[in-house]
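S.K.: Sharing a structure, written as structure tokens. Questions coming.
Here it is, written out as structure tokens:
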């Protein structure tokens, strides 16, 4: 399906061309026809020869529910940050389809390695959003068991997790878990991460080992304040070719396309056909984090243009247009999302601070004598205040 | 008892580690067919296969990063960083991921991963092949840092490191790879001294000399030379740099009243500084002299034609011992 505005050429607010203009046209080689789309921004279902998708009304409605709830979690978290309940929050606004589509393409035995913005994937994997709030509140650095939902810990250093994902995939190979009943890994990262050495090393490792992994890049166009053209002159999906594996670009605001494309790539990986790079072409509609101010570096017209491609609205329009859902369905989803929001809000507000001495836990598998002594000393120091209080 | 070089002792220890646990892997640059540039992994790929002894692409961050992933999947990677100076591309993965992931997960994640690092100078090498970066890792919570000084320890400590459920930075004294000793390759590993304990190598009464890695042999030689001058040195091979076996250190200093720390690494901000601070704090009333440090000057490692001046040697150690008596 050809989409005229796949590239960045129409991006408003571009600076005047100068001698570096070429470097600001990363999509000049991209073929717009290569943007895989199954649902247009207007909610029209379209076919793609390589990605046939048989999907029931119930399944589309389930995806819609995910999208709405995930957006609600995000809204709630932003509000909690504004009210001082969270230290910071990294919003996924605008990237719901990329995350839900890819997240729902995973099997229970597949393993996902997220960045710190994959709240939608976390939801799909079954991780309680309250665990995410813990991290952004400063109660833990994550603290969930990655094996509980096959969802690894959030990784904050950009790109590091792509190597962990690749190594994990090499472990799957060594376990003989590639084949008809195979397992695979998905590694999430953003456009900025593609500049990191670790991501490029992960591509190399995955390629020469033919590892069962899908590299899922959410190109949300902005690495904090730096637009894509500061990261790449080449469309990101095209980079895969140089590493020796296929790369595809999918409409990252189209949940059906993200689902179909990720399913196919994951299945190929499970069967031993090696890695795929998926570039989900999307847009970070909010700030990088709650501490960021996008008005300093981008024009609101750009945001307005992307609002027309909203990932949730198009699913709603599709469901209405095809009469697959009653209006009451949308009300029910809204109510459920509100309930999730209320629940996590209350959980966040009631979340106790960790015990001071817990900072000494889990440095190593067992405390060293030095660490035990430090802990003991700190405990005595804390107790000395209580003793002082008691004698007053 | 078998006569083994330190390099061969490591090789035998690695072989035992691969035999002991089917999840143990070796990975690094040139560790397969070549057997490593120092032949430490010689023959292991032939015997254990390419799936367990992995020649990796030439990128150190990739080695450690993928090893972390393998560990998350239940494997126990033993990584080789070819030379000390090449560890820095992997520094981020070691410090930000390997050392912190267990803490991040509140104990859910265990990373049994060994990073072998040939370290130190004295082999006439070009830049980046003679460095001693161990303090950078000893400064990082979440890692165990050890150094072997002789073939006996090389053989047992590499097996203990491989059996550890914590990440271990394992420093090998590259200029001692060819030193030989009698090694009991039949002995039970459980009977060996744990790798987090120091060893009193030479008992003495007058000065405690603390050392590790390549300086162990030099300090043992210094003890013999000092004895000729009527000075009795107690030589302690620290073996573990993080955590430090302070019980052994403090007991010795309380006995001798004098302490000299010897390492090849730059003294500024080095392990000697940490040890001096701790000894001063805990043994203050036993000390006859300040803790002295013998190590590299605060310069980058010089061209190899200068390294004999740069590296601590017998005379520099004896000079420090003499100064220790001057207070």
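Protein chains in written order, with the working numbering: chain D, 1 to 392; chain V, 1001 to 1327. Ideal Cβ positions, reconstructed from N, Cα and C, are used throughout, including at glycine. A quick note: this is a predicted structure, and the numbers were derived from the prediction, not measured.
If you measure from the beta carbon of residue 1070 of chain V to each beta carbon in chain D, is any gap under 7 Å?
M.R.: The sequence position of residue 1070 of chain V within the second chain is 70, counting from 1. Answer yes: the Cβ-Cβ gap between residue 1070 of chain V and chain D drops below 7 Å somewhere.
S.K.: Tell me which residues share the same chain as residue 17 of chain D and place their Cβ nearer than 6 Å to its Cβ, disregarding the 5 neighbours each side in the sequence.
M.R.: As a first step, residue 17 of chain D is located in the first chain; it is residue number 17 there, counting from the start. The predicted model places residue 17 of chain D with a pLDDT of 41, which falls under 50 and marks its position as unreliable; any figure quoted below should be read in that light. Excluding sequence positions up to five before and after residue 17 of chain D, its CB lies less than 6 Å from no other CB in the same chain.
S.K.: What does residue 1240 of chain V pair with, by DSSP beta-bridge criteria?
M.R.: For this step, residue 1240 of chain V is matched to residue 240 along the second chain. DSSP output for residue 1240 of chain V lists V/1146 as bridge partner(s).
S.K.: Can you tell me whether residue 341 of chain D is helix, strand or coil according to DSSP?
M.R.: Position 341 of the first chain, counted from the first residue, corresponds to residue 341 of chain D. Residue 341 of chain D falls in the helix class under three-state DSSP.
S.K.: Indicate whether residue 310 of chain D and residue 39 of chain D have their beta-carbon atoms separated by less than 7 Å.
M.R.: Taking the first residue of the first chain as position 1, residue 310 of chain D is located at position 310. Taking the first residue of the first chain as position 1, residue 39 of chain D is located at position 39. No. Outside cutoff.
S.K.: At a Cβ cut of 8 Å, what residues of the stretch 1100-1116 of chain V count as close to chain D, listed as they run along the chain?
M.R.: 1100, 1101, 1102, 1103, 1104, 1105, 1106, 1107, 1108, 1109, 1110
S.K.: What does residue 1073 of chain V touch in chain D if you count any residue whose Cβ is under 9 Å from its own?
M.R.: Working through the second chain from its first residue, we reach residue 1073 of chain V at position 73. 111, 167, 168, 169, 170, 171, 172, 174, 175, listed in chain order.
S.K.: Put residue 1034 of chain V into one of helix, strand or coil per three-state DSSP.
M.R.: In the second chain, residue 1034 of chain V corresponds to position 34, counting from 1. The answer is coil: DSSP assigns residue 1034 of chain V none of H, G, I, E or B.
S.K.: At least one CB of chain V closer than 7 Å to the CB of residue 381 of chain D: is that the case?
M.R.: Position 381 of the first chain, counting from 1, holds the residue named residue 381 of chain D. Residue 381 of chain D has a beta carbon lying at 7 Å or more from every beta carbon in chain V.
S.K.: Quick test of the definition: if touching needs 3 or more C-beta pairs under 8 Å, does the stretch 1124-1139 of chain V touch the stretch 1256-1275 of chain V?
M.R.: yes
S.K.: Whole angstroms is fine: what's the gap from residue 61 of chain D's alpha carbon to residue 374 of chain D's?
M.R.: Counting from 1 along the first chain, the entry for residue 61 of chain D is found at position 61. Counting from 1 along the first chain, the entry for residue 374 of chain D is found at position 374. Answer to the nearest angstrom: the Cα atoms are 55 Å apart.
S.K.: Please name the residue in V/1204, V/1160, V/1182 whose C-alpha comes closest to that of residue 1191 of chain V.
M.R.: The residue you call residue 1191 of chain V lines up with position 191 of the second chain. The shortest C-alpha separation from residue 1191 of chain V is found at V/1160.
S.K.: Please list the partners that residue 205 of chain D has in chain V, where partner means a Cβ-to-Cβ separation under 7 Å.
M.R.: As a position in the first chain, residue 205 of chain D is number 205, starting the count at 1. Those are 1057, 1062, 1066, listed as they occur along chain V.
S.K.: Within a Cβ cutoff of 8 Å, which residues of the same chain sit near residue 364 of chain D, ignoring the five residues on either side of it in sequence?
M.R.: If you number the first chain from 1, residue 364 of chain D lands on position 364. Only 371 meet the Cβ criterion.
S.K.: Would you report the Cα separation of residue 47 of chain D and residue 269 of chain D, rounded to the nearest angstrom?
M.R.: Here residue 47 of chain D refers to the residue found at position 47 of the first chain. Here residue 269 of chain D refers to the residue found at position 269 of the first chain. Between residue 47 of chain D and residue 269 of chain D, the C-alpha separation is close to 24 Å.
S.K.: Tell me whether residue 195 of chain D counts as near the ligand MN, meaning its Cβ is closer than 6 Å to at least one heavy atom of that ligand.
M.R.: This structure lacks the ligand MN; in fact it carries no ligand of any kind.
S.K.: Can you tell me whether residue 300 of chain D is buried or exposed? The criterion is at least 16 other CB atoms within 10 Å of its CB, across all chains shown.
M.R.: The count along the first chain starts at 1 and reaches residue 300 of chain D at position 300. So residue 300 of chain D counts as exposed.
S.K.: Listing by chain order, which chain V residues have their CB less than 7 Å from the CB of residue 365 of chain D?
M.R.: In the first chain, residue 365 of chain D corresponds to position 365, counting from 1. Simply 1110, 1165, 1166.
S.K.: Return no unless some Cβ of chain V is closer than 7 Å to the Cβ of residue 353 of chain D.
M.R.: Within the first chain, residue 353 of chain D is the residue found at index 353, counting from 1. So, not an interface residue.
S.K.: For residue 145 of chain D and residue 347 of chain D, what's the separation of their Cα atoms in angstroms?
M.R.: Counted from its first residue, the first chain places residue 145 of chain D at position 145. Counted from its first residue, the first chain places residue 347 of chain D at position 347. Taking the straight line joining both Cα atoms gives about 19 Å.
S.K.: Which stretch, first to last residue, makes up the beta strand (DSSP E) that contains residue 111 of chain D?
M.R.: On the first chain, residue 111 of chain D is found 111 positions in, with the first residue counted as 1. Start and end: 111-113.
S.K.: By how many angstroms is the C-alpha of residue 57 of chain D removed from the C-alpha of residue 177 of chain D?
M.R.: The residue you call residue 177 of chain D lines up with position 177 of the first chain. The residue you call residue 57 of chain D lines up with position 57 of the first chain. Going by the C-alpha atoms only, they are around 33 Å apart.
S.K.: In three-state terms, what does DSSP make of residue 282 of chain D?
M.R.: In the first chain, residue 282 of chain D corresponds to position 282, counting from 1. Coil, per DSSP.
S.K.: Taking C-beta pairs closer than 8 Å, name the residues in chain D that residue 1096 of chain V reaches, listed in chain order.
M.R.: The residue you call residue 1096 of chain V lines up with position 96 of the second chain. Neighbours of residue 1096 of chain V on chain D, chain order: 157, 160.
S.K.: For the 8 Å Cβ check, are there 3 or more pairs between the stretch 1056-1068 of chain V and the stretch 1191-1202 of chain V?
M.R.: no
S.K.: Please return the same chain residues whose Cβ sits closer than 6 Å to the Cβ of residue 1065 of chain V, not counting the five positions on each side in sequence.
M.R.: By one-based count along the second chain, residue 1065 of chain V stands at place 65. Cβ neighbours of residue 1065 of chain V beyond the five flanking positions: 1093.
S.K.: So, helix, strand or coil for residue 1173 of chain V, using DSSP?
M.R.: To locate residue 1173 of chain V, count along the second chain from 1; it is residue 173. Secondary structure at residue 1173 of chain V: strand, using DSSP grouped into helix, strand and coil.
S.K.: Buried or exposed for residue 202 of chain D, going by 16 or more other Cβ atoms inside 10 Å?
M.R.: What you label residue 202 of chain D is simply residue 202 of the first chain in a count that begins at 1. When all chains shown are included, residue 202 of chain D counts as buried.
S.K.: Do you know offhand how far residue 1174 of chain V's Cα is from residue 1130 of chain V's?
M.R.: Numbered from 1 along the second chain, position 174 holds the residue referred to as residue 1174 of chain V. Numbered from 1 along the second chain, position 130 holds the residue referred to as residue 1130 of chain V. A direct Cα-to-Cα measurement between residue 1174 of chain V and residue 1130 of chain V gives close to 9 Å.
S.K.: Starting from residue 187 of chain D, follow its DSSP beta bridges and name the residues at the other end.
M.R.: Taking the first chain and counting its residues from 1, the one referred to as residue 187 of chain D is at position 187. Residue pairing from DSSP places residue 187 of chain D in a beta bridge opposite D/113, D/215.
S.K.: Considering Cα atoms alone, identify which of D/158, D/101, D/96 is closest to residue 393 of chain D.
M.R.: Shown here, chain D extends from 1 to 392; a query on residue 393 of chain D therefore has no answer.
S.K.: Between residue 142 of chain D and chain V, is there a C-beta pair that is closer than 7 Å?
M.R.: By one-based count along the first chain, residue 142 of chain D stands at place 142. Yes, residue 142 of chain D counts as interfacial toward chain V.
S.K.: How many angstroms separate the CA atom of residue 67 of chain D from the CA atom of residue 50 of chain D?
M.R.: As a first step, residue 67 of chain D is located in the first chain; it is residue number 67 there, counting from the start. As a first step, residue 50 of chain D is located in the first chain; it is residue number 50 there, counting from the start. So the alpha carbons of these two residues sit roughly 25 Å apart.
S.K.: At 7 Å on the CB atoms, spell out the chain V contacts of residue 208 of chain D, in chain order.
M.R.: The residue labelled residue 208 of chain D in the question sits at position 208 within the first chain. Those are 1057, listed as they occur along chain V.
S.K.: What is the DSSP secondary structure of residue 1300 of chain V, reduced to helix, strand or coil?
M.R.: Indexing the second chain from 1 puts residue 1300 of chain V at position 300. Coil at residue 1300 of chain V, not helix or strand.
S.K.: Consult DSSP for residue 1110 of chain V and reduce its assignment to one of helix, strand or coil.
M.R.: Locating residue 1110 of chain V in the second chain gives position 110, where the first residue counts as 1. Reduced to three states, the DSSP call for residue 1110 of chain V is coil.
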